[in-house]
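Residue numbers (our numbering): 2 to 405. Where is the CB? At the ideal position from N, CA and C, for every residue including glycine. Keep in mind the model is a prediction, meaning the values are calculated, not measured. One structure is given here, and the rest of the page talks about it.
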Amino acid sequence: MNSNDLLRTALRGLRTNRARAAMTMLGIVIGVASVALMLSLGRSFQSYILTQIDRFGTNTIDIFPVGLEKFGGNLDSLTLDDARAVARLSTVRSVAPVIVVGKPVRFEDEERSPMVMGTTREIFGNYGLELEAGRLLDAHDDDSTRFVTVLAADTARELFGDIDPVGRRVDIGGFSFTVVGVLKGMGSLLLQDLDSMVYVPFNVARSITAQKHVTYITLKAAADPQLAKQDILSLLRQRHRIRNPENDPDKDDVIVRSAEQVTSIVQSVTLGLTVFLGLVAAISLIVGGIGIMNIMLASVTERTREIGLRKAVGARHRDILWQFLCEAVSLTAFGGAVGLLFGTGMGWMLTRVASRFLGEVPFALSPVGAILALVMAAGTGLVFGVFPARKAARLSPMEALRYE
2 MNSNDLLRTA LRGLRTNRAR AAMTMLGIVI GVASVALMLS LGRSFQSYIL TQIDRFGTNT
62 IDIFPVGLEK FGGNLDSLTL DDARAVARLS TVRSVAPVIV VGKPVRFEDE ERSPMVMGTT
122 REIFGNYGLE LEAGRLLDAH DDDSTRFVTV LAADTARELF GDIDPVGRRV DIGGFSFTVV
182 GVLKGMGSLL LQDLDSMVYV PFNVARSITA QKHVTYITLK AAADPQLAKQ DILSLLRQRH
242 RIRNPENDPD KDDVIVRSAE QVTSIVQSVT LGLTVFLGLV AAISLIVGGI GIMNIMLASV
302 TERTREIGLR KAVGARHRDI LWQFLCEAVS LTAFGGAVGL LFGTGMGWML TRVASRFLGE
362 VPFALSPVGA ILALVMAAGT GLVFGVFPAR KAARLSPMEA LRYE
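What follows is the structure in structure tokens.
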């Protein structure tokens, strides 16, 4: 019996027991679909984050109090004097201190709650923000404590609709501000919506909040981000009188994070996710393989007389063996293909949904991962189909024909 005959015989056997074949494939479908879904989402969001980092530059550095990341940590450890001291370092440039003002913004009957940031002109260059109309904040606004504001694209549209916002006044936390500029739509930066922001001069934010500390500091490295990061940490440790931090890293009251470090974290998380998914896939396929073996054993028992009849008319030991192996491999390969299509389709749909909230999230699927999933699914059928196939092949024709 040649390979074509074997395949036709195996498929004919599966068609006669469609319900059983479908139930047998279910474990393989679920396992491969889960892996395909998580792999596609993992690669898609890795690509999204790395694209965001490349878009705004790998030399971006943020400094924030340790309390923003560690529960119970200090939230007041950064000051304007710290920002000024950092700005004097030769390894950094474009330093922008930020105070987050938690107040609503209102124009006539429209009220929104965007993130209101008290900052300096440098932040626009750091985030790559571009002007659509009017002007940006400048040093005179800060020095003179002018109550002026620049609106991001979505905030301007939601508050003003088709009205030109420039020159009009908005209420921010009970204070009247003149809109001097509107930014172009920029999308998101590392899950932060840049189009739903409001920018006011740093000194104005301090005056209306009575806040003496800064929320965080953003800047650009002049050259090597790692060198700049080391200089910043050394300076702030000296200013904050933190001694021997190398013996106890928890002494640090600030965190200095570069875009390069974020890239490394993303890659580490992706690697960990890949290893985890590999284990999930292995467990799913083993469980599915055990199901395949049990169903195939039941099939051998039910088809004992058929096996005996085939042997009686000349079928060889290996013909029976390969027939049942082909059935097992066909089941798992088809189940793997269905699972791959279903998981990939779900991944594509979820990236489209995410794109509505985060900006463009590219859909990404590893061809190598897809091929490997199919090979592993087929291999599962081959491994777990051996025992039922050998049992079928070893049946005696006379005993099989007498089986009731």
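According to the DSSP assignment, E307 belongs to the alpha helix (DSSP H) that extends over 305-313. Taking every protein chain shown into account, the CB of F358 has fewer than 16 other CB atoms within 10 angstroms, so this residue is exposed. By the 16-neighbour rule on beta-carbons within 10 angstroms, M350 is exposed. The DSSP-derived three-state label of L383 is helix. The closest CA to that of T333, considering only F161, I291, A223, is found on I291. Exposed is the label assigned to E307, since fewer than 16 other Cβ atoms lie within 10 Å of its Cβ. The three-state reading of DSSP puts V167 in coil, since its state is none of H, G, I, E or B. Around the beta carbon of L280, fewer than 16 other beta carbons lie within 10 angstroms, which makes this residue exposed.
CA-to-CA, the gap between N295 and L396 works out to about 18 Å.
In this structure, V215 lies near L81, with their beta-carbon atoms less than 8 Å apart. Looking at the DSSP output, E111 sits in a beta bridge with F108. For K221, the enclosing beta strand (DSSP E) starts and ends at 217-222. Cβ-Cβ separation between L184 and F108: approximately 17 Å, too far for a contact (criterion under 8 Å). The C-beta of I173 has 16 or more other C-beta atoms within 10 Å across all chains shown, which makes the residue buried.
By the beta-carbon neighbour count (other beta carbons within 10 angstroms, threshold 16), P105 is exposed. In the DSSP assignment, S45 is bridged to no other residue. In this structure, the CA atom of M24 is about 35 Å from the CA atom of V362. The three-state reading of DSSP puts T121 in coil, since its state is none of H, G, I, E or B.
P115 is positioned such that its CB atom lies no closer than 8 Å to that of V167. For E112, the closest of S197, I31, P98, D77 by C-alpha to C-alpha distance is S197. G182 is positioned such that its CB atom lies no closer than 8 Å to that of R147. Annotation for L152: the continuous beta strand (DSSP E) segment containing it runs 149-152. Spanning the alpha carbons of R391 and P368 requires a straight line of approximately 34 Å. 8 Å or more divides the Cβ of A97 from the Cβ of E70.
Non-local beta-carbon contacts of G129 in its own chain, meaning distances under 8 Å to residues more than five positions away in sequence, involve R56, F57, G58, M187 in chain order.
For T61, the uninterrupted beta strand (DSSP E) segment begins and ends at 61-66.
Just so you know, the alpha carbons of G382 and Q268 end up roughly 33 Å apart. Inclusion of F125 and T150 in the CB contact set at 8 Å is not warranted, their separation being larger than that value. Closest option to S35, judged by alpha-carbon separation, among M347, P246, V387, S356: M347. A222 and T345 do not touch by the CB rule: their CB atoms are close to 39 Å apart, not below 8 Å. Going by beta carbons, I321 and A394 fall inside the 8 Å limit. Selection L195, A157, T120 evaluated against A140 yields T120 as nearest (Cα-Cα).
By alpha-carbon distance to L90, the top candidate from N127, A224, H241 is A224. For F364, the three-state secondary structure derived from DSSP is coil. DSSP places I233 in the uninterrupted alpha helix (DSSP H) bounded by 226-240. Bridge pairing for L27: absent [DSSP].
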